[in-house]
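*Asks:* Chains A and B are the protein sequences, given in the same order. With my numbering as the guide, the letters of the first sequence map in order to residues 1 to 342. With my numbering as the guide, the letters of the second sequence map in order to residues 1001 to 1342. Using N, Cα and C, we set each Cβ at its ideal position, and we do this for glycine too. Just so it is clear, the structure is predicted and the values come from calculations on it, not from any experiment.
2 protein chains.
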Amino acid sequence: MSKQNLISSRSSGRVTIADVAKKAGASPSTVSRALQKPQQVTEKLRIRVNQAVKELGYIPNQAARSLASAESKIISVIFPSLSNAVFSSLLDGIHDTLIPAGYKILLANSHYSVTEEEALVETMLEQNPDGIIITGVDQSDNTKQRLKNTKLPIVQVMELCDDPLDMNVGFSHFDAGHAITEHLFKRGYNKIGFIGARMDKRSQRRFQGYRYALLDQGKEPDKYVLTTLANSSFQLGADLMNQLIAQHSDIDALFFSNDDLAAGAIFECQRSGVQVPRQLGIAGFNDLDFASAITPSLTTVSIPRYEMGKQAAQCLLDRLQQRKHHQRIDVGFSIAARESTR
Amino acid sequence: MSKQNLISSRSSGRVTIADVAKKAGASPSTVSRALQKPQQVTEKLRIRVNQAVKELGYIPNQAARSLASAESKIISVIFPSLSNAVFSSLLDGIHDTLIPAGYKILLANSHYSVTEEEALVETMLEQNPDGIIITGVDQSDNTKQRLKNTKLPIVQVMELCDDPLDMNVGFSHFDAGHAITEHLFKRGYNKIGFIGARMDKRSQRRFQGYRYALLDQGKEPDKYVLTTLANSSFQLGADLMNQLIAQHSDIDALFFSNDDLAAGAIFECQRSGVQVPRQLGIAGFNDLDFASAITPSLTTVSIPRYEMGKQAAQCLLDRLQQRKHHQRIDVGFSIAARESTR
DNA sequence: ACATCATTTGACAGCGCTGTCAAATTGTTG
DNA sequence: CAACAATTTGACAGCGCTGTCAAATGATGT
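1) Give a yes or no on whether 7 Å exceeds the smallest Cβ distance from B:I1105 to chain A.
2) Could you give the residue range of the alpha helix (DSSP H) that holds B:N1242?
3) Which chain A residues are close to B:D1092, counting only those with a beta carbon under 8 Å from its beta carbon?
4) Which two residues bound the contiguous alpha helix (DSSP H) that contains B:Q1275?
5) Could you tell me the alpha carbon to alpha carbon distance between B:S1113 and A:K104, rounded to whole angstroms?
6) Over the uninterrupted beta strand (DSSP E) stretch that includes A:M167, give me the two end residues.
7) Would you say the region 282-299 of chain A touches the region 177-195 of chain A, given that touching needs at least three Cβ pairs under 8 Å?
8) Could you check the C-alpha separation between B:F1290 and A:D138 for me, to the nearest Å?
9) Buried or exposed: which applies to A:E341, given that a residue is buried once 16 or more other Cβ atoms fall within 10 Å of its Cβ?
10) Listing by chain order, which chain A residues have their CB less than 9 Å from the CB of B:S1233?
11) Would you identify the three-state DSSP class for B:G1281, choosing helix, strand or coil?
12) Measuring only between beta-carbons, confirm whether A:Q4 sits less than 7 Å from chain B.
13) Bridge partners for B:I1105 per DSSP, in chain order?
14) Buried or exposed for B:D1344, please, with buried defined as at least 16 other CB atoms from any protein chain shown within 10 angstroms of its CB.
15) Is the separation between the beta-carbon of A:T183 and that of A:I335 shorter than 7 Å?
16) Check the Cβ of A:A197 against every Cβ in chain B and list those closer than 8 Å, keeping chain order.
17) What residue ranges within the region 1295-1320 of chain B form continuous beta strand (DSSP E) runs of no fewer than 3 residues, ordered along the chain?
18) Could you tell me the alpha carbon to alpha carbon distance between B:K1054 and B:T1016, rounded to whole angstroms?
19) Take A:Q327 and list the residues in its own chain whose beta-carbon comes closer than 8 Å to its own, dropping the five residues that flank it on each side.
20) On a Cα-Cα basis, can you pick out the residue from A:S292, A:K22, A:R338, A:N128 that is closest to B:S1072?
21) With a threshold of 7 Å on Cβ separation, who are the neighbours of A:P277 within its own chain once the five nearest residues in sequence on each side are excluded?
22) Answer with buried or exposed for B:K945, where buried requires no fewer than 16 other C-beta atoms within 10 angstroms of its C-beta.
23) For B:F1267 and chain A, any beta-carbon pair shorter than 7 Å?
24) So if I threshold CB-CB distances at 9 Å, which residues from the region 1041-1061 of chain B count as touching chain A?
25) Give me, in chain order, the residues of the same chain whose beta-carbon lies closer than 7 Å to that of A:A312; leave out the 5 immediate sequence neighbours on both sides.
26) Just mark A:L215 as buried or exposed, buried being the case when its beta carbon has 16 or more other beta carbons within 10 Å.
27) Taking Cβ positions, are B:P1240 and B:I1282 nearer each other than 7 Å?
28) Kindly indicate if chain A contains any beta-carbon less than 7 Å away from that of B:Q1127.
29) A:S334 lies in the beta strand (DSSP E); which residues open and close that run?
30) Could you check what DSSP says for B:G1013 in three-state terms: helix, strand or coil?
31) Hey, would you say B:F1333 sits closer than 7 Å to B:F1079, going by beta carbons?
32) Against B:N1149, what residues of chain A qualify as contacts under a CB-to-CB distance less than 7 Å, listed in chain order?
33) For B:H1248, does the count of other Cβ atoms within 10 angstroms reach 16, so buried, or fall short, so exposed?
34) So with Cβ pairs under 7 Å, would you call B:Q1270 a contact of chain A?
35) Looking at B:T1143 and the ligand NAP, is the gap between the Cβ and the nearest heavy atom below 6 Å?
36) A:A119 to B:V1274, Cα distance in whole Å?
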């Protein structure tokens, strides 16, 4: 073993491309090529290099690579929640598309706060991501400006708008809220209430869809409504239902802003003996896994969340590979009519 | 506007620390210090620098920083699944601990495959993470070797073992499986079956806990058992239960390897009119949100997943800040006795 | 006023890699 | 087999930042 006294005090001691080059009898440039663009190099050389890489346990330094090539192979993803199953599926779709393409995912949770989101975008940009996926279309002006300035490919995901920052993949929450409410009317319900929690922008748009569906029917849109800023939970769904029905015993159906609330209500009806869907129709939103499993199964708005994730990621890839430039993709939604409505 | 002809062809055109330095009338080193270690710099200077940063819209380049300082402020997290709510909470805990400390999360999904995991670890190491959180203790030999060689702080999370790679935060799945089975015996059930899906290492250990609890009672441990490699779902829980009971109509309680299967079984009992817990006791694992919400509420093993995430992240932080060196933290579990068992 | 010490700032080199372009090698053709 | 084109390889500089250490500045005491 030779002495290591001559190495710089700042050296990390890590195996570098130069070490591989020496061992393989080639120049660092050539090793870099053999690793990054194998087809541009002779078979013999490639084998020698791979051999050396293996023997030395060489791990390329992505920071150096990013610095030299201005490409990080990182995609930043900003969600407002990680525990919400909607975002889990979305992330799954993003992951399964990006990873095989050689990208990595830097993930952050804004906790539904534009302030946190602003800070996270800042941090993310420092990483030189090759693209960004961000939830919704309601970023702060600061954030929007920052993002626009970068000229990076950006996908706003989950909902659509008319003036996206760049690309936009989602569906209309207004239309979805409208459609499920109309569905309830069609099924013969007449006094349809709305119960919403957290009431983030997308919940608000669903609520507006509900309101306009009531207006379409010439009904008072704000009568049977109960919302809260609290986070959704099964228990909250039960509580809010009890509260609203205590005020308006004539309600015959409820549209909940998400499945968790709706399922909580169904469970509560089971306990209290309220007949669903005969006495009370119940509809949710998202079509989470449990929606079709519970009894009675839950009528809800089904959204292609995994697919939406895949599409969002694919938009970035297409742009990064200069293939095509999607502007706006409507992934749509569908009404899953089940047992909780007649 | 002055001509830009002199800039190098490789320049990114990005605002650099040198630009800030010029504007602030200081040297790049000083600007770096003002930004990274503000307390080591005069107030006047700090204000001038911040002003220049704001005016120029300077965004530090983390790749350059990593390269120069050998610190990436990135923690790599490898999970076997993203859609499983257990990992969502875990991730939430990790996130909420690491982000305030100035770290970023690089997340990847191994899909319960050691091969995928091996590739992911490779990719992760290229990013020079400051630490790694990886699920479970059953990595491939290759992966283990690779991880050990890095000398990075590593936390194996979710379950405990005797020879962790480095740090270890979790609980004993064997003990938990044993405890819940014992609980069923104590509640007077005698013919207790086990139903498991996916049967990853941790499910297997829970199963072993079940088996030993049966052996403790002098019972045949493999009689009332049905497992599959298929992924869990509500429907699968129902199907497997029907299958197992068709073979052994004398079963009076079932321990399912997770809550999804157990809940699916409960829903099926509601449909088919089987009385839970009188005719059949049902127990799950994880204590997901819906476990306490459904009717009858689900008896299950409650695990502190969010806390476990926080602890795992805290272990890394403590190590990175040279504070203390945790070796092994048992976060424990508890039996949530609910209505699905008598 | 000066010497002495502590604090703040700056010059410099280098972290490990890749883009550029020129040099070397190989293949092709009359 | 010379003459040329096509392919493969290597030298070099620089991506943007920070660690190191020396220089400048300010504070303190005599």
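*Replies:* According to the structure shown:
1) yes
2) In the DSSP assignment, B:N1242 falls within the unbroken alpha helix (DSSP H) covering 1234-1247.
3) L82, S83, N109
4) No alpha helix (DSSP H) holds B:Q1275; DSSP gives it neither H nor E.
5) Straight-line Cα distance between these residues: approximately 18 Å.
6) 167-171
7) yes
8) Take the alpha-carbon of B:F1290 and the one of A:D138: they are about 31 Å apart.
9) With the sequence shown as reference, residue 341 of chain A is identified as Thr, and Glu is not the correct amino acid for it. The residue in question, A:T341, is buried, as its Cβ has 16 or more Cβ neighbours within 10 Å.
10) D289, A293
11) strand
12) Any reading at A:Q4 needs caution, since the residue's pLDDT is 38, under 50, leaving its predicted position unreliable; the model's value is listed next. It does not; no Cβ of chain B falls within 7 Å.
13) A:L107, B:I1075
14) Since the first and last residues shown for chain B are 1001 and 1342, residue 1344 of chain B lies out of range.
15) Correcting the residue identity first, residue 183 of chain A is His in this sequence and not Thr. The answer is yes: Cβ separation under 7 Å.
16) Correct list: empty, because the minimum Cβ distance to chain B is about 14 Å.
17) 1300-1302
18) B:K1054 and B:T1016: Cα-Cα distance of roughly 13 Å.
19) Excluding positions up to five away in sequence, the list reads P164, M167, N168.
20) With distances taken between Cα atoms, B:S1072 lies closest to A:N128.
21) P296, E339, S340, T341, R342
22) Residue 945 of chain B is absent from the structure shown; chain B starts at 1001 and stops at 1342.
23) yes
24) G1057, I1059, P1060, N1061
25) Correct list, in chain order: I94, I133, V155, V157, V169.
26) It counts as exposed.
27) According to the sequence displayed, residue 1240 of chain B carries Leu and not Pro. Their beta carbons are not under 7 Å apart, which means B:L1240 does not touch B:I1282 by this criterion.
28) With 7 Å as the cut-off, B:Q1127 counts as an interface residue toward chain A.
29) 334-336
30) coil
31) no
32) Identification of chain A residues near B:N1149 by a Cβ-Cβ cut-off of 7 Å yields G57, ordered along the chain.
33) exposed
34) yes
35) As far as ligands go, the structure on display features none, and thus does not contain the ligand NAP.
36) 53 Å
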